[in-house]
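The working numbering puts the first residue of the sequence shown at 24, with every later residue one more than the last.
Note that beta-carbon positions come from the ideal geometry of N, C-alpha and C, so glycine has one too.
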Amino acid sequence: MHPVVGRGLIHVKGSEWKNMRACITSGFSALKLKLMMDHFAKVGDVFMDVLGEIADQGKEVNMLEPFQGLTMDYIGRAAFGIDNSFQRDLKNPFLITAQRAIREIMTGPFHVLAQCTTSFGVLAAPIFWLSRIFGTFSYKDFGEETAKVIELRKKHPELRRNDMLQNLIDAEYEELASTRASSGVSKTRALSSEEVIMNTTILFLGGFETSATALSFITYALGKHPDVQERVRQEVKEALNEGVSFI
24 MHPVVGRGLI HVKGSEWKNM RACITSGFSA LKLKLMMDHF AKVGDVFMDV LGEIADQGKE
84 VNMLEPFQGL TMDYIGRAAF GIDNSFQRDL KNPFLITAQR AIREIMTGPF HVLAQCTTSF
144 GVLAAPIFWL SRIFGTFSYK DFGEETAKVI ELRKKHPELR RNDMLQNLID AEYEELASTR
204 ASSGVSKTRA LSSEEVIMNT TILFLGGFET SATALSFITY ALGKHPDVQE RVRQEVKEAL
264 NEGVSFI
């Protein structure tokens, strides 16, 4: 396991996992999600304009690309305060780095061998060492981009927002546990700087790519089954006519 990747929520265990999960899930409270709904609506309006422009061209299109722009707009602004329209800037370096990170996560022969020998424990140590030295870790590159966003937020308190990134940054220094002793109050830090960067990267890539892929598949399925597409359209119309509000 790469030393940086190993500090992510999906790999730590026990009390470390519990503390880390508590820091992250606090960003998904009902109140904080409601604060994001206005942004979600605006991003959705931009996406409808993009779809209109694509339709006017009358050409086939790989829907994964516009969906990646959509989901990066969602996760970038609502969760991490990045104010940029990725839907209108599909060549943005940040978006391209994220796309490459997904394609190249632990690729290459050494990574394949390392993943096939995990049950051998210490006997597989030489393979893991070779994987770390000669393998490619696209997570590291995107993690460096994420670190820039975190550092910018730390240096400029006026950029503070009610989002998941701020929760993780605050967790780096928050008082996790206090015990009164003769010497006073003992404090421990919830997350290290590396853990903040790693978990922010995981949330970025997870929320960005999985949602874009799911939306692409749903679009394909609805296109293959017009009857189901019509039923979905009618259900959406009925819901909107009833004045549904998510705010």
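Legend entry - Delimiting residues of the alpha helix (DSSP H) encompassing L263: Bounds of the alpha helix (DSSP H) holding L263 are 249 to 264.
Legend entry - Boundaries (first-last residue) of the alpha helix (DSSP H) holding G92: Looking at the DSSP string, the run of the alpha helix (DSSP H) that includes G92 is 87 to 96.
Inset, instruction - Say whether the segment 184 to 195 touches the segment 37 to 52, bearing in mind that this needs 3 or more beta-carbon pairs closer than 8 Å, one atom from each stretch. - result: Contact between the segment 184 to 195 and the segment 37 to 52 is established, with three or more Cβ pairs separated by less than 8 Å.
Legend entry - Contact check, G230 vs I98, beta carbons under 8 Å: At the C-beta level, G230 and I98 come within 8 Å of one another.
Legend entry - For M187, the nearest candidate out of A53, G81, A244, I33 (CA to CA): Taking only the C-alpha atoms, the option nearest M187 is A53.
Inset, instruction - Express the C-alpha separation of E83 and I77 in angstroms, rounding to a whole number. - result: Spanning the alpha carbons of I77 and E83 requires a straight line of approximately 9 Å.
Legend entry - Spatially closest choice to Q189 from E167, G166, T223, E168, by CA coordinates: Comparing Cα positions, the closest option is T223.
Legend entry - Cβ-based neighbour list, I125, same chain, cut-off 7 Å, excluding 5 preceding and 5 following: Answer for I125: L228, E232, listed in chain order.
Legend entry - Validate contact between the segment 59 to 73 and the segment 85 to 96 using beta carbons, cut 8 Å, 3 pairs: Yes, the segment 59 to 73 is in contact with the segment 85 to 96.
Legend entry - E265 versus L214 - alpha carbon distance: In a straight line, the C-alpha of E265 is about 44 Å away from that of L214.
Inset, instruction - Tell me, to the nearest whole angstrom, how far the beta carbon of T120 is from that of E88; I am working on the premise that it is less than 8 Å. - result: Their Cβ separation, rounded to whole angstroms, is 15 Å, which puts T120 and E88 out of contact at 8 Å.
Legend entry - Status (buried if at least 16 other CB within 10 Å, exposed otherwise) for F51: Counting Cβ neighbours within 10 Å, F51 comes out exposed, since fewer than 16 surround it.
Inset, instruction - Please name the residue, chosen from H179, R184, E39, that lies closest to L58 on a Cα-to-Cα basis. - result: Among H179, R184, E39, the Cα nearest to that of L58 is on R184.
Legend entry - Collapsed DSSP secondary structure at S108 in the structure displayed: Note: S108 maps to coil in three-state DSSP.
Inset, instruction - Have a look at K55 and D61 and give me their C-alpha separation to the nearest angstrom. - result: Whole-angstrom Cα-Cα distance: 12 Å.
Inset, instruction - With DSSP as the reference, label K114 as helix, strand or coil. - result: Secondary structure at K114: coil, using DSSP grouped into helix, strand and coil.
Inset, instruction - Write down the C-beta distance between V172 and I105 rounded to the nearest angstrom, noting that I regard them as a contact closer than 8 Å. - result: About 7 Å separates the CB atoms of V172 and I105; that is less than 8 Å, so the two are in contact.
Legend entry - Which of helix, strand or coil DSSP assigns to D79: D79: helix per DSSP, three-state reduction.
Inset, instruction - Can you say whether G75 is buried or exposed, counting buried as having 16 or more other CB atoms within 10 angstroms of its CB? - result: Exposed: under 16 other Cβ atoms inside 10 Å.
Inset, instruction - Give the straight-line distance between the Cα atoms of L32 and M221, rounded to the nearest whole angstrom. - result: Distance between the alpha carbons of L32 and M221 is about 8 Å.
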